[in-house]
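If you read the sequence shown in the working numbering, its first letter stands for residue 44, the second for the next number, and so on.
Beta carbons are placed, not taken as given, at the ideal position from N, Cα and C, and that holds for glycine.
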Amino acid sequence: MNRSLLRLAVGAAAASLVLTACRGDDGGSSAAGPGITDEPCPGGNADNGCIYLGAISDLTRGPFAPLAVPITDAQKAFWERVNADGGVGGYDINLEEYIADAEYNPELHNREYQEMRNDILALAQTLGSSQTLAIIEDMRSDDVLGVPASWNSAWNFDDQILESGANYCFEAMNGVDWAVAERGVSETVLAVGYPGDYGGDAAAGVEAAAEANGLEFSQVETPPGQDNQAGAIQQILAQQPDLVFISTGPAEMATIVGGSAAQGFTGTFVGSSPTWNPALLQSAAAPALEALYFQAGPWGPFGTETDGHAAMRDALGDVTPNDGYTAGWAWSYPLLAALEAAAELDGGITRENLLAAAADLEEVDYEGMLPNEAGNYAGDPSEVAFRQSVISGVDTSAPTGVAIVQEFQAGPTATDYDFSSPCFSLN
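See below:
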């Protein structure tokens, strides 16, 4: 369903609701559906009701746990800051009660959603593309809006999902275009990544940029696990590409870069956003990473000087810097904007109004972490999808070990790309 039809359908549904989410001046009203109570949040503002958000993440055993734990902590800190400022529409926001670990497993992801689906207003985090796909139909039937901890290009076409930053596909295009301009890449590029959605979406962007730049393109799929990367390393050594664009977890990326360099490979590596973890600078791969690795990213890393980055650092306090924090904080701004807009609609904050408000957003105040126009969800994705990325290089003096070498920019491939459908289909 396109966004215009969604707004009509949601408007009609909202008009027929008998219950209202509006809290009167006396602070009393009936609750407006799942995830909303008139009672205060535990430890919250006594005069506010409570909105419960859910998070389904990868907190222990999955490949992205080193990023997902700080993602979740940053999101909790974000909403604590909102509550300290008075909440939204007469409600505080609780992201403590419903946090689940799905271990980057679609089946577990679905199971955890079933546990919380009747108790939350929206998902402040749903980590992983295939994982989110496992619950998307239930989210539709529940009118639940979700913030993805992923950048798949399919999310730009899904009104149930409130994405932020350039998708994996545009990010890969920008990484290749940058490498052509700045690293002397002129002949061959190899995309190495996980099978399926994440690796596939990035590889589609690499292929598009290869065609636009007259490069020979090839692709290698590699499974999760540090011990499973010998095949990818062998292909890199056999093909000797000018550029390897890599879309794995951090541990796999370091194994591939370090293993290839140890056997004489000197080409350039550019990684998708989730490939970096500052702990890698303490690994045996650190010298290879410093020499060969760059990261394409949706926004500046932890130490970047914007109001949003500063607010994040202040809210988190004394933590070990990690760009999981940066992502979790940045991802939360559009949901805040949608909640604020929903509070102004007839009926106040409900699941249905939140969906309608999100579909109508034309800009979001990211406090400088992204341009405001990156939060435009009201138009056709081919026109409004955000196409700009930053490129960072390894910098051991930076808080998270990487620093920007190219500010926000959409390269020629992303600028000219016909984005009439997702780069990689999730179905």
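Between the region 423–433 and the region 203–218 there are three or more inter-stretch CB-CB distances shorter than 8 Å, so the stretches are counted as touching. Exclusion of the five residues before and after residue 165 leaves 78, 96, 97, 187, 188, 189, 190, 378, 394, 397 as the residues of its chain whose Cβ lies within less than 8 Å of its Cβ. Its chain contains 222, 226, 228, 285, 286, 287, 335, 337 as the residues whose beta carbon lies nearer than 8 Å to that of residue 311, once the 5 sequence neighbours on both sides are disregarded; these appear in chain order.
Residue 404 and residue 415 do not touch by the CB rule: their CB atoms are close to 10 Å apart, not below 8 Å. Secondary structure within the region 106–169: the alpha helix (DSSP H) runs of 4 or more consecutive residues, fully enclosed, are 108–127, 149–159 (chain order). Within the DSSP secondary-structure output, residue 79 pairs in a beta bridge with 94. When beta bridges are read from the DSSP output, residue 231 appears opposite 259. Of the other Cβ atoms in all chains shown, 16 or more fall within 10 Å of the Cβ of residue 160; this residue is therefore buried. Each of 446, 451, 114 was checked against the Cα of residue 346, and the nearest Cα belongs to 446. Contact between the region 247–262 and the region 296–309 is not established, with fewer than three Cβ pairs separated by less than 8 Å. Scanning its chain for C-beta atoms nearer than 8 Å, with the 5 sequence neighbours on each side dropped, one finds around residue 200 the residues 424, 464, 465, in chain order. Sequence-distant Cβ neighbours of residue 388 in its own chain, meaning closer than 8 Å and more than five residues away, are 57, 396, 399, 400.
The bridge partners DSSP lists for residue 339 are 434. By the CB criterion at 8 Å, residue 362 and residue 331 fall outside the cutoff.
When DSSP states are grouped into helix, strand and coil, residue 178 belongs to the coil group. Residue state for residue 330 is assigned as helix, using DSSP reduced to three classes. Put simply, of 181, 86, 322 the residue whose alpha carbon is nearest the alpha carbon of residue 108 is 322.
When the five nearest sequence neighbours on each side are left out, the beta carbons in the same chain lying within less than 7 Å of the beta carbon of residue 196 are those of 210, 211, 212, 244, 465, 466, 467, in order along the chain. As DSSP reads the structure, residue 314 sits in a beta bridge with 289, 338. Positions of the alpha helix (DSSP H) runs, each at least 4 residues long and wholly inside the region 406–457, are given as 424–427 in order along the chain. By the CB criterion at 8 Å, residue 265 and residue 232 fall outside the cutoff. Straight-line spacing of the CA atoms in residue 181 and residue 469 works out to 16 Å.
Per the C-alpha coordinates, the member of 230, 239, 252 positioned closest to residue 282 is 230. The C-alpha of residue 91 is placed about 51 Å away from the C-alpha of residue 252. Nearest to residue 194 by C-alpha distance, out of 271, 341, 82, is 341. Rounded to the nearest angstrom, the Cβ distance from residue 351 to residue 412 is 4 Å, consistent with a contact under 8 Å.
Relative to residue 439, the option among 360, 374, 325 whose CA is nearest is 325. Taking all protein chains shown into account, residue 317 has 16 or more neighbouring C-beta atoms within 10 Å of its C-beta and is therefore buried. Here residue 314 has 289, 296, 338 as same chain residues with Cβ atoms under 6 Å from its own Cβ, once five neighbours each way along the sequence are excluded. By the Cβ-count criterion, residue 254 is exposed, with fewer than 16 other Cβ atoms from all chains shown falling within 10 Å of its own Cβ. According to the DSSP assignment, residue 377 belongs to the alpha helix (DSSP H) that extends over 366–386.
Of 154, 320, 128, the smallest CA-CA separation from residue 294 is found for 320.
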